[in-house]
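Note that our numbering has the sequence shown beginning at 1035, numbered continuously upward. Quick notes on the structure that follows.
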Amino acid sequence: MSATTSTTGGITGATTSAARAEGVSKFYGTGDATIAALKDVHVSLDAGRFTAIMGPSGSGKSTLLHLLAGLDRPSAGEVYLGDTQISALGDNALTLLRRDRIGFVFQSFNLLPTMTAAENIVLPIRIAGRTPDEAWVASIVDRLGLTERLGHRPTQLSGGQQQRVAAARALASRPQIVFADEPTGALDSAAGTELLTFLRTAVDELGQTVVMVTHDPNAAAYADRVLFLADGHVVDEMADPTAAAVLDFMKHLGA
Ligand code: ADP
Ligand code: MG
1035 MSATTSTTGG ITGATTSAAR AEGVSKFYGT GDATIAALKD VHVSLDAGRF TAIMGPSGSG
1095 KSTLLHLLAG LDRPSAGEVY LGDTQISALG DNALTLLRRD RIGFVFQSFN LLPTMTAAEN
1155 IVLPIRIAGR TPDEAWVASI VDRLGLTERL GHRPTQLSGG QQQRVAAARA LASRPQIVFA
1215 DEPTGALDSA AGTELLTFLR TAVDELGQTV VMVTHDPNAA AYADRVLFLA DGHVVDEMAD
1275 PTAAAVLDFM KHLGA
């Protein structure tokens, strides 16, 4: 399939691919110690949608996310961000692409402790030498309920608030795609719900694209689509998931 065939038909409801993997494998180690973390994965993630990636521990979820986000390179196959084949880019180009076109939310919030929330949120934009879109950033901050917290440093914020700062930072540059790896993993359930609700809103009302790794069926239920990984393969997927249906499927995977 060429890079454009899926989007040129003008079919009602047709979606654009925000990111995709074509025949992607990832091996760690050498010789007898080689681990195949991903094996010939083909997957396309729709723009303007919320996709969850689930699977047992060690099934390759983080590896897939890191490859799609250009944080690591495949051993075989190609990775695309939109129409850009990122697996063909050099290190500098890849760094710039991550900075300019991708937002990240990790389980550990990864905020700079010496900076205020406001400074953390716009740091990647400042590093890029650009001026933040103040109205956009203010609307994100407002949606996240952080307006009164902008002058606080991370240690003065709860875990939930710190993760919302990280989410604001991820969205601040209006990235082409936001990748989140277990973003609720370190949060209590109320804070997790707030974050997931925000990610859902970012897709529905702000037109963002979100791809989230999680092992929590309740978190996956916020997505439009769930991909299931097992042993380095995408083994199935589910549209419009419910927590109960996801939990049921995960039991069959032995997770
Ligand atoms: P998940 O996120 O689903 O728990 P990972 O993608 O982290 O799974 O890991 C998939 C497999 O690859 C596991 O067997 C893991 O031990 C292995 N793996 C991941 N990263 C590395 C690495 N840097 N070096 C060696 N093995 C790795
Ligand atoms: Mg992982």
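Don't be surprised by glycine CBs; every beta carbon is placed ideally from N, CA and C.
Residue from the options whose Cα sits closest to the Cα of residue i
i, options, result
"THR1227", "ASP1238, THR1050 and TYR1256", "TYR1256"
"SER1091", "ALA1071, ALA1152, ALA1067 and ARG1198", "ALA1071"
"ARG1183", "ASN1154, ARG1208, ALA1278 and GLU1216", "ASN1154"
"TYR1062", "GLY1266, MET1272, HIS1076 and VAL1280", "GLY1266"
"MET1272", "ALA1086, ARG1054 and VAL1058", "ALA1086"
"ILE1161", "LEU1178, ALA1206, GLN1190 and TRP1170", "ALA1206"
"VAL1268", "THR1097, GLY1065 and GLY1193", "THR1097"
"GLY1124", "SER1109, PHE1213 and GLY1104", "GLY1104"
"ALA1151", "GLY1193, GLY1116, SER1093 and PHE1213", "GLY1193"
"ALA1220", "TRP1170, GLU1239, ASP1238 and GLN1195", "GLN1195"
"ASP1222", "VAL1175, ALA1253 and GLN1190", "ALA1253"
"ILE1174", "GLY1163, LEU1240 and SER1109", "LEU1240"
CB of residue i within 8 Å of CB of residue j, strictly
i, j, result
"GLU1080", "THR1049", "Checking the sequence, you will find Asp at residue 1080 rather than Glu. In contact: ASP1080 and THR1049 (Cβ atoms closer than 8 Å)."
"PHE1084", "ARG1203", "no"
"PRO1217", "MET1246", "yes"
"VAL1199", "LEU1180", "yes"
"PHE1140", "ASP1215", "yes"
"LEU1102", "ALA1067", "no"
"PRO1188", "PRO1158", "no"
"LEU1178", "PHE1232", "yes"
"SER1109", "LYS1073", "no"
Spatial distance of residue i from residue j (CA atoms)
i, j, result
"THR1276", "PRO1251", "8 Å"
"ALA1172", "SER1051", "29 Å"
"HIS1186", "VAL1058", "42 Å"
"VAL1113", "ILE1120", "6 Å"
"ALA1264", "ILE1211", "24 Å"
"VAL1244", "LEU1099", "11 Å"
"ASN1144", "ARG1132", "16 Å"
"LEU1229", "ASP1258", "16 Å"
"ASN1126", "GLN1242", "26 Å"
"GLY1082", "GLN1197", "22 Å"
"LEU1281", "ALA1225", "21 Å"
"ALA1291", "ARG1107", "What the structure shows of the chain is the stretch from 1035 to 1289, and residue 1291 is not part of that stretch, so it cannot be assessed."
"MET1149", "SER1142", "17 Å"
"ALA1236", "HIS1076", "26 Å"
"LEU1130", "GLY1065", "34 Å"
"ALA1053", "GLY1116", "5 Å"
"PHE1262", "ASP1270", "5 Å"
"ASP1238", "ALA1201", "16 Å"
"ILE1248", "MET1088", "Note on residue identity: the sequence assigns Thr, not Ile, to residue 1248. Cα-Cα distance, rounded: 6 Å."
"THR1165", "ASP1134", "13 Å"
"GLY1163", "ASP1176", "24 Å"
"ASP1274", "SER1078", "17 Å"
Beta carbon proximity, residue i to chain C, threshold 8 Å
i, result
"SER1192", "Here there is only one protein chain, and chain C is not present."
May I have a chain-ordered list of the alpha helix (DSSP H) segments no shorter than 4 residues that lie completely inside the stretch 1155–1191?
1168–1177
Any chance you could list the beta strand (DSSP E) runs of at least 3 consecutive residues sitting entirely within the stretch 1069–1107, in chain order?
DSSP runs (the beta strand (DSSP E)) wholly in the stretch 1069–1107: 1069–1080 and 1084–1088.
Where are the alpha helix (DSSP H) runs, 4 residues long or more, that stay fully inside the stretch 1252–1289, in chain order?
1277–1287
Within the stretch 1113–1150, note down every full alpha helix (DSSP H) run reaching 4 residues or more, in order along the chain.
1125–1135
In chain order, which beta strand (DSSP E) runs of at least 3 residues are fully inside the stretch 1209–1243?
1211–1215
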